[in-house]
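Going down the list, the sequences are from chains A and B.
Under the working numbering, the residue at position 285 of the first sequence is numbered 285, and the numbers go up by one with no gaps.
Under the working numbering, the residue at position 66 of the second sequence is numbered 1066, and the numbers go up by one with no gaps.
Heads up, the thing below is written out as structure tokens.
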Amino acid sequence: LITINDAQLTRVERGAREPWFHVDWSIVLIATGLAAFGLLNIYAARRQNFLLAGEDPYTYVKRQTIALGVGLAAAIVAALIDYRKLRALTGVAYVGILGLLGAVLVWGELNKGARAWFDLGVFQLQPAEFGKVVLIVVLAWVGAAGGGDLSARRLITSIGLTVVPVGLVLLQPDLGTALVIGAIFTGALLVAGARLWHIVLVTVLALGAAVYAFNTSYIKEYQRARLTQFIEVTVQSSAPEELPEPATELEKKAAEEREKVRANVTGSLRAIQAGGFTGSGLFEGDLTNGGEVAEQRTDFIFSVVGEQFGFVGTAGLISVYGLLGLRIWRVAAIARDLLGTLICAGALSMMAFHVFENIGMSMGIMPVTGIPLPLVSYGGSSSIAFLILLGLVENVHMHRFKS
Amino acid sequence: MEVVEPGRLNGEERARLRLGILGVVSVSLLLVLLARAWYLPTTAPSDEELSAGPRLREVLVPATRGRILGRLDGQLVVLAGNRPVTVITMRRDQIDDDSDLRAQLFGRLAPILDADPEALEERFDDPEYSYLENLPLAEGVDEPTAMYLNERIDDYPGIDVATETTRVYPYGTVASHVIGYIGAIPSDPDRPAGVPLRQDAVFQSYIAQDYRPNDRVGRAGVEQSFEVELRGKPGKLVYEVNARGDVLSQRDDLSYEPVPGNDVVLTLDLRVQQLAEQALRQVVQDRRLARPAPPKTPDPTFDPNETFSVPGASAVVMDAKTGAVIAMASYPTFMPQEILDFRALSPARKAELRPDPADKVFTQRAPLVNRAVSGRYNPGSTFKLVTSWGAVAHGALDPNTRISDVADKGTYRLPIPECQGPEPGNGCLFSNAGKEFMGEMALAEALGRSSDYYFYKLGFDIGIRDDAVKLAIQNEARYLGMGRKSGVQLPEDKAGFIPDQGELDRVCATTEGLARYVDCNPYSVDDGGNARPVKSSEATLETLRSPKYPIAANVNTSIGQGLVEVTPIQLAVAYTALGTRGNVFAPTIVERVIKPSTSLDASQGELVRTFESRVVDRLAVPENVYGPLSEGLRWAVEREKGTAFQVFESFPLNRLPVAGKTGTAQDGTEKAVRDSSLFVAYAPMDDPQFTISVVVEKAGFGRQAAAPVTRLLFEGLNPDLGLCQPGPVEPVSPVPGVASPEPGPLPVGCVLTYGTEREGSTD
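Now the structure itself:
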């Protein structure tokens, strides 16, 4: 090994080891582009409604801009502190986020059937969004300690650390986030050196838990409705569930949920179809302007893209996400240590799952779970969390030379 | 230059490989998304397809249906009208084949429409609704529901919210059988299984006339017989559409407006009509509580507790001058609205209206049947008018001939060898009702007291005469309008049955006829001219065709029993023919068809066509027929031994002389409890203004049910008499299940005067 003494380097060479010298500007550029494109589509999604109501059409754009600003600041902080010095902070963050996830069950706002938000007046805080980021770092530390080999003890530790937040999130209930955590866990575990039987075991356990939950009253009828409804919308010949007269409150809720989900997905599909190849043009979508797709500025924002910009827009957006994934993957590959690789692997898993699930749901090939499209969907907590995540990826990239 | 840390190398290669897997998975997911993003918009109809050549879509616009109007106190009132209604429909083509999708749609719609998903599915399967057209899921939907659905119409594929008009019948049961009802386009009831509706000839004939498959058409009463006038001419909207079915523009050059249907004015006087319905209800109620007197000769089958079943009754009031029907009532009743909203009815009511054939009581009551024109009854003694008329007119009887039943103690014995001797065979003896005997009498008294013996003998004597005379009764019945449809403008009008040779050959030659007329030929005559009873099981076509058949059958026919069947309106026509000295009317129940107008003034309204009074035959009535016959009818009402004397005892006959004839039709079992009560009368006697014919099924002697109703109707027709005054006719709530399908009680001062069973009286 060749050891190079600092003193032997020139000033420029010394500068080359400074973190600020190694910012991956492509990630910054892509994130900025996505956020800007998001703002455009958030505006387009609600523009007509606001104009008709005589209200300020920039209401959501303004709020999202503020969130992005906060997110940018948080991302810079997340990027600058060397990730290898974050160990103590990670522990504190993990405990803190568990506390918040517990607290939200008690003091959270009940919104759309889930107790997932703290209402802070001007801003609604969704701790689960940050929980995902914290868990990525936590799992990275656990995995990195194994040095590329995952012992049974470490596996169990990882499972334990993952199951607790998953449980709390499911109590809200927020199935989407639980699934995202599952994806993060799988991705991190894979790269951390899981054996095949680890993967098999975890998959079997997770599937078993899912089947159990599905067949008992744990997963409520309306949640089941949300998860299964998409099949009926897209594959019209599949057998729907029995539709008895809604008798209990829960059954009624399930029927409403089924109805809502079906309406959302149908609207989204029609909007994307209407977009055709080149789209109907900026602010020109009839279905979007007609308010035909509910939840369009948040979870179904992809349909706004689809109707206005057509296949050109959707394929472009998907490609940009591909490019972002590639950049994160590259950072994972060139990271200075396994910890950095694992942070980026977790980030990549989370990004990939969010994008696939959200766009897939908008195009009717995935179940409807309320998880946002990274940086494009309207949502403060989610946008800030994604920016922090990208900040951490930058962190790994920037500190890959710093000893 | 890369700085490598010692602890790292161990896992590095592995981590890179594993990172590779993660990358491949991520890229695959993105490719799936790209594929779907390509597939979705490109499989939708393209712009070229959408704009390729305009296609035309035709939408039929039904015309506003004409109204049915009746006369009330000199004004016209609406008996059948229209009102707009919001209808939720479903396009069948979208989800016809996909029961899963349909169940899902119905499941979502049911709570909104406040209906049961199964009920919607039932409608979907209901053949009443054509599968060629949009299925109406809910009628009369309220405004909020319609708005709710309209706003979310894209979420409910195939669902439409439309405004249509629906029929309203403001007067409930009044004249319901005459008005009739509307229903689905009929199809051939004999259509073989497997032949689709669209190939059905009957159904096709409607579609060829620009009916939409789900249109409601007249299915009974004037709604049916005047369908062409009421319907108007449907309009057409022609649109240019693209391949996706989006409307591009309307072709004004090809579209045209509907022409509203014409209004139909009935001849009915609604006050009298309502009184007739109330009287029928009252008589049925009263007689259902009554029991017949025990028979003179002990009968082990007689049940002293059995009451009359009285399944139904009918009454016809005809203007004797014009043949116009003033009132036509049938009981039990229904409301036309009930048929329109059949689904909303209670199961009990449904069972009444469409009885299970196994349910004897409901099957016999059959509220939808207009008994006045489609009830085919043995006329019983009311037929003696025809027998007498035929006998005298054909020279077979001198009306002054006196015949005595004393020697035979009121029981007529067929004068054939087989029937002589101490123990004559079954079918040889014919006794007076009540097994009475009355003494020696001429024709008028025989009519007035309704001697059966007299007419048994007359029937046999005519039957053995030569060919010129032997069909005198049957021929006379035909002259008087029996055995053919009366011609009243109602689709239910029935011909009845007059059993002369040709008719019998025709009817009894069919297995259906043999089954229906249980004793299709109760007697056969051997080569020697001797009649002998034949059990119906032994009857062969050969015996039926015996040229000498009428000899024996005439004995039963002469008193209106056996195979004779007439409708109440035919009886009214026949008696009017006597009263008017020869006018045989085809009764009219629709007097005018007028252009639709908002005014209900009787003198207004542009005339489309009018129905003159129709005398289909003008018979010569010699004095030797008119005199004794009308005297006989007067005898029955006025003289103490007359069969209807009790009923008219307190009636001011001096001011309104009534001529009438009772009838008591047996059903072949000779059980008194099965006797149907008939009465036909006209008044004033010398210049009749009204003829009334009443039948009360299985209610006893003529004077016990039918004659009291007739008397009450004469009182109502002549308010000057100061007896019964018909009550006002008010619109009622026609909501099925809320309004009663029963006529109201008789007005105060209107009472039925019942006759009794009494010693020395037959009928």
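Glycine included, C-beta positions come from ideal geometry on N, C-alpha and C.
As a quick exercise: from the options, pick the residue whose alpha carbon is nearest that of residue i.
i	options	result
Ser1677 (chain B)	B:Pro1684, B:Lys1671 and B:Thr1664	B:Thr1664
Met1090 (chain B)	B:Arg1102, B:Gly1081 and B:Gln1274	B:Arg1102
Gln48 (chain A)	A:Arg270, A:Glu284 and A:Leu175	A:Glu284
Pro372 (chain A)	A:Thr177, A:Phe311, A:Thr266 and A:Gly276	A:Thr177
Ala1037 (chain B)	A:Leu29, A:Ile272, A:Leu125 and A:Leu387	A:Ile272
Arg1057 (chain B)	B:Arg1251, B:Glu1139, B:Pro1258 and B:Arg1674	B:Arg1251
Val1616 (chain B)	B:Glu1445, B:Gly1323 and B:Leu1069	B:Gly1323
Ser280 (chain A)	A:Val261, A:Ala294, A:Val293 and A:Gly313	A:Gly313
Arg1231 (chain B)	B:Glu1240, B:Val1217 and B:Tyr1239	B:Val1217
Gly379 (chain A)	A:Pro19, A:Leu40, A:Ala36 and A:Leu68	A:Leu68
Val1590 (chain B)	B:Asn1262, B:Pro1688, B:Thr1307 and B:Pro1367	B:Asn1262
Ile384 (chain A)	A:Phe50, A:Val70 and A:Val396	A:Val70
Arg1067 (chain B)	B:Ala1146, B:Thr1598, B:Ser1205 and B:Val1658	B:Thr1598
Ala1572 (chain B)	B:Tyr1454, B:Arg1639 and B:Val1695	B:Val1695
Ala1723 (chain B)	B:Pro1652, B:Lys1661, B:Pro1743 and B:Glu1139	According to the sequence provided, residue 1723 (chain B) is Leu. The question's Ala does not apply to it. Taking only the C-alpha atoms, the option nearest Leu1723 (chain B) is B:Pro1652.
Gln296 (chain A)	A:Gly325, A:Ala194, A:Val164 and A:Gly370	A:Gly370
Arg63 (chain A)	A:Val77, A:Ile42 and A:Leu80	A:Ile42
Glu1240 (chain B)	B:Glu1492, B:Asp1356, B:Ser1255 and B:Arg1123	B:Ser1255
Val134 (chain A)	A:Gly108, A:Ala93, A:Tyr321 and A:Ser303	A:Ala93
Gly391 (chain A)	A:Val23, A:Glu18, A:Phe37 and A:Arg17	A:Val23
Arg1083 (chain B)	B:Val1178, B:Gln1337 and B:Ala1705	B:Gln1337
Cys344 (chain A)	B:Arg1018, B:Phe1701 and B:Ala1672	B:Arg1018
Ser26 (chain A)	A:His399, A:Glu394 and A:Gly310	A:Glu394
Val1584 (chain B)	B:Thr1301, B:Leu1076, B:Arg1614 and B:Ala1146	B:Arg1614
For residue i, go through chain B and note every residue whose CB falls closer than 8 Å to its CB, in chain order.
i	result
Tyr321 (chain A)	Leu1030
Gly193 (chain A)	Gly1011, Arg1014, Ala1015 and Arg1018
Trp329 (chain A)	Leu1019, Leu1022, Gly1023 and Ser1026
Indicate whether residue i and residue j have their beta-carbon atoms separated by less than 8 Å.
i	j	result
Thr1567 (chain B)	Ala1320 (chain B)	no
Ser1314 (chain B)	Arg1371 (chain B)	yes
Ala1636 (chain B)	Gly1390 (chain B)	no
Arg1071 (chain B)	Asp1269 (chain B)	yes
Tyr1456 (chain B)	Ile1559 (chain B)	yes
Tyr1206 (chain B)	Leu1280 (chain B)	no
Arg1212 (chain B)	Leu1060 (chain B)	yes
Gln1666 (chain B)	Arg1703 (chain B)	no
Phe353 (chain A)	Ala183 (chain A)	yes
Thr288 (chain A)	Ala45 (chain A)	yes
Val261 (chain A)	Val368 (chain A)	yes
Residues of chain A with CB closer than 7 Å to the CB of residue i, please, in chain order.
i	result
Ala1037 (chain B)	Phe311, Thr314, Ala315, Ile318 and Met363
Ser1026 (chain B)	Gly325, Leu348 and Ala352
Pro1041 (chain B)	Ile272, Gln273, Gly275, Gly276, Phe277, Gly310 and Phe311
Leu1034 (chain B)	Ala315 and Ile318
Can you pull the chain A neighbours of residue i, defined as C-beta to C-beta under 8 Å?
i	result
Ile1021 (chain B)	Leu190
Name the chain B residues whose beta carbon is nearer than 7 Å to that of residue i?
i	result
Phe356 (chain A)	Leu1029 and Leu1033
Ile359 (chain A)	Leu1033
Report back the beta-carbon spacing between residue i and residue j to the nearest angstrom; my notes put them in contact at under 8 Å.
i	j	result
Ala1063 (chain B)	Gly1235 (chain B)	7 Å
Pro1736 (chain B)	Leu1345 (chain B)	5 Å
Val1325 (chain B)	Pro1587 (chain B)	5 Å
Ser362 (chain A)	Ser319 (chain A)	With a Cβ gap of about 16 Å, Ser362 (chain A) and Ser319 (chain A) do not count as contacting.
Gln1489 (chain B)	Ser1225 (chain B)	5 Å
Determine the chain D residues that contact residue i at a beta-carbon separation under 8 Å, and present them in chain order.
i	result
Gly187 (chain A)	The structure shown contains no chain D; the protein chains it does contain are A and B.
Which residues in chain B have a C-beta closer than 9 Å to the C-beta of residue i? List them in chain order.
i	result
Thr65 (chain A)	Going along chain B, no residue has its Cβ under 9 Å from Thr65 (chain A), so there is no contact; the nearest lies around 28 Å.
* To do: Could you tell me which uninterrupted beta strand (DSSP E) segments, each at least 3 residues in length, are contained entirely in the segment 1144-1205 of chain B, listed from first to last along the chain?
  => 1159-1168 and 1181-1184
* To do: Kindly provide the ranges of any alpha helix (DSSP H) runs that are 4 or more residues long and lie completely inside the segment 1340-1422 of chain B, ordered along the chain.
  => 1347-1353, 1360-1365, 1371-1374 and 1384-1393
* To do: Any chance you could list the beta strand (DSSP E) runs of at least 3 consecutive residues sitting entirely within the segment 1015-1082 of chain B, in chain order?
  => 1055-1061 and 1068-1072
* Asked: Going along the chain, which unbroken runs of the beta strand (DSSP E) with 3 or more residues stay wholly within the segment 1671-1731 of chain B?
  -> 1676-1683 and 1690-1696
* Enumerate, from N- to C-terminal direction, the unbroken alpha helix (DSSP H) stretches of 4 or more residues contained entirely within the segment 1417-1501 of chain B. => 1443-1449, 1452-1463, 1467-1470 and 1472-1479
* To do: Please specify which runs of the beta strand (DSSP E), each continuous and at least 3 residues long, are wholly inside the segment 1241-1275 of chain B, giving them in chain order.
  => 1247-1250 and 1263-1269
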